[in-house]
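Engineer: Right, I'll just put the structure down here and ask away after.
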Amino acid sequence: MQIAHLRKEEQLGLAIAAAAHLALLGALAFSASRQPAHVPVPERMVVSLADEVSLTSTSPNPSQESNAAVAPTLAPSFAPPPEPEPAPQPKPEPRPEPRKPEPKPTPKPVPKATQVPQPKPAPKPQPKPAPKPAPKPSPAAKPAPAAQASAKPQPKPAGGSRLGDNFLAGAGAGERSDSRGAPAAAFGPAEQASLTSAISRQLRPYWNAPQGVDVEKLVTLLDWDLNPDGSLNGRPRLKSQSGLTDSNQPQAARHAELAIRAVQLAAPFDLPEQYYDHWKRVRNWRFDRNTSR
Amino acid sequence: MKQYVAFIALILAPVAVHAQDGAGPLSVPAANAPDDDEGGLSGSVTDESAWQDLGIAIPAFATNANVSTAANTEGTAALGRELARVITADLRNNGLFRPVGPDSLPRPEYPEITSPKWSNWQSRSAEMLVQGYVRANDDGRLTVGCYLYDVKLQNELVREGWVVPPSDWRRAAHKCADLVYSRLSGESPFFDSKIAYIAETGPKDHRIKRLAIMDSDGANHRFITNGQATALTPRYSPDYKQIVYLSYLNGNPSIYIYDIGTGKQHLVAKNNNPTFAPRWSPDGKWILYSMAVGGNTDIYRIPVQGGQSQRLTDNPGIDVGGSYSPDGSKIVFESDRSGSQQIYVMNADGSNQRRISFFGGRAATPEWSPRGDQIAFTHIVGNFRIAVMTPDGKNVRHLTDSWQDEAPTWSPNGRIVQFFRNTRNSGEASLWQVDLTGRNERKLPTPVGASDPAWGPVLP
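Line by line, the protein sequences give chains A and B. Under my numbering, the first residue of the first sequence carries the number 2, and numbering increases by one thereafter. Under my numbering, the first residue of the second sequence carries the number 780, and numbering increases by one thereafter.
What follows is the structure, given as structure tokens:
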């Protein structure tokens, strides 16, 4: 009605505006439907930052864990029921079994003093010495699974899953760990970073780049070998240099010489001997100068 | 002039001191076999420390027998001490080293020169040790040996010996300083060279300007002109035998070449127009200069032997101060054709002229480094500062920050820039040197006020 009061030009303008809005909506809808949001999902990456020197492995020590974890939880389960119900949980059993065969050949773990006493403390809270012998063989020997299986039915009411977990933990870490030999210190990224920063820290007091124009662009890569006592095995070798310009050309040889000198003065290096295999060869060690100074 | 005849006749034969025991500068072995490349530990170490000077101990030079020579009356023992003092003075103040001279160090015995008593030196802060000896030969000449040791590693870095006439004993010391400097810095030597400059005396409004030369450490100073006519902008010829400079001998600025050997000089461009800013071409065959003809200044070149001048620029602006690149293919010069002083580069025949300075302010007195990698100039933004840039006009770096630093010229090794500095009120001018890092500035000792320094090439 009010539209009727409007003048022709106004009506026309109104119509055009309405049409344009519709067109805009249409265009937006079209483009929205047409452009599937292709936002690339960033790849997940693992970053390990290690700035402290650790001389010992950061990975868990298997035998210690098994001792702590297995004994207490297993003991209660054994005490009450000798009811054999292998059927309910046959699945968990096979899992431990395949692992067990490996350790079999070495029954040595069993006699270990540390392991034997540990089960003992566990029973104390729950005074049932009889089961003791049973648990021991269970992780160590094949017959054990059967006994454990019998035990499992009982926990069911309380929580069958707990037993399974404990059992696996004990099997993986306890006696079996000894069958794998001494728990070698693991060498992971953290240890690598520690060694790297240890060498870097010992080199730094001796590493002084030569002065000159553009010398901060120079980078010298050295190789050297080390003896178990940390001393140099042979002379450090120049691997390569980069960042050469017309202006710093005269300093390049001196740069490499001073880098070699730094290694010679820093030796013998104080590094953990158990990782000797990992630091006996140093390759492509980079000598440069902080450009921010 | 006998002195200079002696220079030319000077024998600097390397002495076969002792058999080299393989302590070469750097034995770079071939890259090791790639088979053991994997499995090695890899990392990096960065020099985070502030620049620090290298400590060098320079005890007095030893002698086998104390005999008096023509070099001094006290004998070779005293001479050995003087040698060490000259070396210490050379190495001091260029910022790279912290030399400790013979006056505060024990003097090693003659046999110790080739096998230092490490225990004596390791307790001191010095990382390097310079030992040497001086020996009087039967023919009256001196043998000077110079040894550089790394005290921490206990090995010898370099050694060299020279036979010099007694009058040139200072040169043997400069040679030893050069040896140490070039071995420890990687740069070419420059201590055994001469400097030409303009000595200024008298009041500010009536100053007498004379051409003078001296050793790079200020010793053996000598005036060449008597001051009746003002002299300016000296430049050594590449063969070191001549100096080209500007003289107002007849009231008009004209270019003269002064022959050091004969003491004679001759006019280069014979005409009545004012000429100035003479420079040698690297091959020593041409003189580049500027000439004002009818109010328009352009750059010309003329054969050293005289002859027809060749005009290189043809522009209504003032084109002045050309300097050849070390290979002689290009010329850097200053021009105000854009309205203010800026720096331009052209080919040696005058073609392909283009501006390279686009960093604000005015830029004047360009000088191409003898190594070709840098161009030094005076950057005028309020104050006058010495700056360097690469030949494409990039990477401008200021080396000094004072009220008025002007007229940079290069050391023979292209690592040190020499210039003169005017103090604000007195107008006193003095010679200064700064290395390319800009960190190490030193004032050159001159008996009187000094400007327009020019460095001569290293003596053979």
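Each residue gets a CB set at the ideal place from its N, CA and C atoms; glycine is no exception.
1) Please report whether the beta-carbon of Asp957(B) lies at a distance below 8 Å from any beta-carbon of chain A.
2) Where does Leu958(B) fall in DSSP's three states?
3) By DSSP's criteria, Ser1102(B) is part of a beta bridge. Which residues make up the other side?
4) Does the stretch 1223-1233 of chain B come close enough to the stretch 1197-1213 of chain B that 3 or more CB-CB pairs lie under 8 Å?
5) Count the C-beta pairs between the stretch 938-950 of chain B and the stretch 961-969 of chain B that are closer than 8 Å, then say yes if the count reaches three, no if not.
6) Taking the Cβ atom as the reference point for each residue, do Pro1017(B) and Gly1063(B) lie within a distance shorter than 8 Å?
7) Hey, Met993(B) and His1000(B) are a contact pair by Cβ (cut 8 Å); roughly how many whole angstroms apart?
8) Could you give the C-beta distance for Asp882(B) and Met907(B), rounded to a whole number, given that I count them as a contact under 8 Å?
9) Kindly confirm or deny that the stretch 205-223 of chain A and the stretch 237-253 of chain A touch, where touching means at least three C-beta pairs closer than 8 Å.
10) Out of Leu820(B), Ala844(B), Tyr1079(B), Lys954(B), which one is the CA nearest neighbour of Phe969(B)?
11) For Ala836(B), tell me which candidate among Ala978(B), Ala829(B), Ser902(B) has the shortest Cα-Cα distance.
12) Would you tell me roughly how many angstroms separate the C-alpha atoms of Pro83(A) and Pro273(A), rounded to the nearest one?
13) Starting from the Cα of Val1175(B), find the closest Cα among Tyr1037(B), Ile1135(B), Leu875(B), Gly1193(B) and give me that residue.
14) By the three-class DSSP mapping on this structure, what secondary structure does Trp286(A) have?
15) Please check if any C-beta of chain A sits within less than 8 Å of the C-beta of Val824(B).
16) Can you confirm whether Gln275(A), when its beta carbon is compared against all beta carbons of chain B, has any partner nearer than 8 Å?
17) Short of 7 Å in beta carbon distance, which residues of its chain neighbour Asp1180(B), apart from the five on each side in sequence? Order them along the chain.
18) Quick one, are the C-beta atoms of Tyr1024(B) and Pro1013(B) less than 8 Å apart?
19) Rounded to the nearest angstrom, how far is the Cβ of Thr1144(B) from that of Thr1157(B), given a contact under 8 Å?
20) Check the DSSP bridge columns for Asn234(A) and list the partner residues they point to.
21) Locate the beta strand (DSSP E) running through Arg871(B), then write down its first and last residues.
22) Counting only Cβ pairs nearer than 7 Å, list the residues of chain A close to Trp830(B).
23) Cβ closer than 9 Å: which chain B residues qualify as neighbours of Asp289(A)?
24) Assess contact between the stretch 843-856 of chain B and the stretch 820-835 of chain B, defined as three or more Cβ pairs (one per stretch) separated by less than 8 Å. Is contact present?
25) Could you tell me whether the Cβ of Ala268(A) comes closer than 8 Å to any Cβ of chain B?
26) For Ser894(B), does the count of other Cβ atoms within 10 angstroms reach 16, so buried, or fall short, so exposed?
27) Which chain A residues are close to Thr1188(B), counting only those with a beta carbon under 7 Å from its beta carbon?
28) Please list the partners that Asn209(A) has in chain B, where partner means a Cβ-to-Cβ separation under 8 Å.
29) Relative to chain A, which residues along the stretch 1152-1163 of chain B have a C-beta separation below 8 Å, given in chain order?
30) For Lys240(A), which residues does DSSP report across the bridge?
31) Excluding five sequence neighbours on each side, which residues of the same chain lie with their C-beta closer than 6 Å to the C-beta of Gly1206(B)?
32) Since Thr1216(B) meets chain A, which of its residues come closer than 8 Å, beta carbon to beta carbon?
33) Do you know how far the Cα of Ile1039(B) is from the Cα of Gln302(A)?
34) How would you list, in chain order, the residues of chain A whose beta-carbon sits under 8 Å from the beta-carbon of Thr1108(B)?
35) Can you find the residues in the same chain that come closer than 8 Å, C-beta to C-beta, to Val1099(B), ignoring five residues on each side of it along the sequence?
36) Looking at the strands, I want to know which residues DSSP matches up with Gly1228(B).
Structural biologist: In this structure, then:
1) It does not: the Cβ of Asp957(B) has no partner Cβ on chain A nearer than 8 Å.
2) Looking at Leu958(B) - three-state DSSP - the assignment turns out to be helix.
3) Residue pairing from DSSP places Ser1102(B) in a beta bridge opposite Val1111(B).
4) A contact exists between the stretch 1197-1213 of chain B and the stretch 1223-1233 of chain B.
5) Contact annotation: the stretch 938-950 of chain B does not touch the stretch 961-969 of chain B, with fewer than three C-beta pairs closer than 8 Å.
6) Less than 8 Å separates the beta-carbon of Pro1017(B) from that of Gly1063(B).
7) Contact flag correct, Cβ pair sits at about 4 Å.
8) Wrong, their Cβ atoms sit about 18 Å apart, outside the cutoff.
9) In short, these stretches touch, since the Cβ pair count reaches three.
10) The candidate whose alpha carbon is nearest that of Phe969(B) is Lys954(B).
11) The option with the nearest alpha carbon to Ala836(B) is Ser902(B).
12) In this prediction, Pro83(A) has a pLDDT of 48, which is less than 50 and means its spatial position is unreliable; what the coordinates show is noted afterwards. If you take the alpha carbons of Pro83(A) and Pro273(A), they lie about 51 Å apart.
13) Comparing Cα-Cα distances from Val1175(B) to each of Tyr1037(B), Ile1135(B), Leu875(B), Gly1193(B), the minimum goes to Ile1135(B).
14) Correct three-state label for Trp286(A): strand.
15) Val824(B) counts as touching chain A.
16) Output row for Gln275(A): interface = no.
17) Close CB contacts of Asp1180(B) within its chain, under the 7 Å cut and outside five residues either way in sequence, are with Arg1164 (chain order).
18) Yes, they are a contact pair.
19) Yes, they are in contact, since the Cβ atoms of Thr1144(B) and Thr1157(B) sit about 5 Å apart, within 8 Å.
20) The bridge partners DSSP lists for Asn234(A) are Asp226(A).
21) In this chain, Arg871(B) is not harboured by any beta strand (DSSP E), its DSSP state being neither H nor E.
22) In chain order: Gln212.
23) Here the neighbours are Ser823, Val824, Thr825, Asp826.
24) The answer is no - the stretch 820-835 of chain B does not touch the stretch 843-856 of chain B, with fewer than three Cβ pairs under 8 Å.
25) No, Ala268(A) lies away from the interface with chain B (no Cβ there is under 8 Å from its Cβ).
26) Under this definition Ser894(B) is an exposed residue.
27) Contact of Thr1188(B) with chain A by beta-carbon distance below 7 Å is absent, the smallest such distance being about 18 Å.
28) Neighbours of Asn209(A) on chain B, chain order: Asp826, Ser828, Gln831.
29) The stretch 1152-1163 of chain B vs chain A, Cβ under 8 Å: Asp1152, Gln1153.
30) None, per the DSSP bridge assignment.
31) Listed in chain order, the non-local C-beta contacts of Gly1206(B) below 6 Å within the same chain comprise Lys983, local neighbours out to five positions each way being set aside.
32) Residues of chain A with a Cβ closer than 8 Å to the Cβ of Thr1216(B) are, in chain order, Gln212, Gly213, Val214.
33) Shown here, chain A extends from 2 to 294; a query on residue 302(A) therefore has no answer.
34) Contrary to the premise, residue 1108(B) reads as Ser rather than Thr in this sequence. Here the premise fails: no neighbours, minimum Cβ distance about 16 Å.
35) Hits under 8 Å: Phe1055, Ala1056, Ser1069, Thr1076, Ile1078, Phe1112, Glu1113, Ser1114.
36) Per DSSP, Glu979(B).
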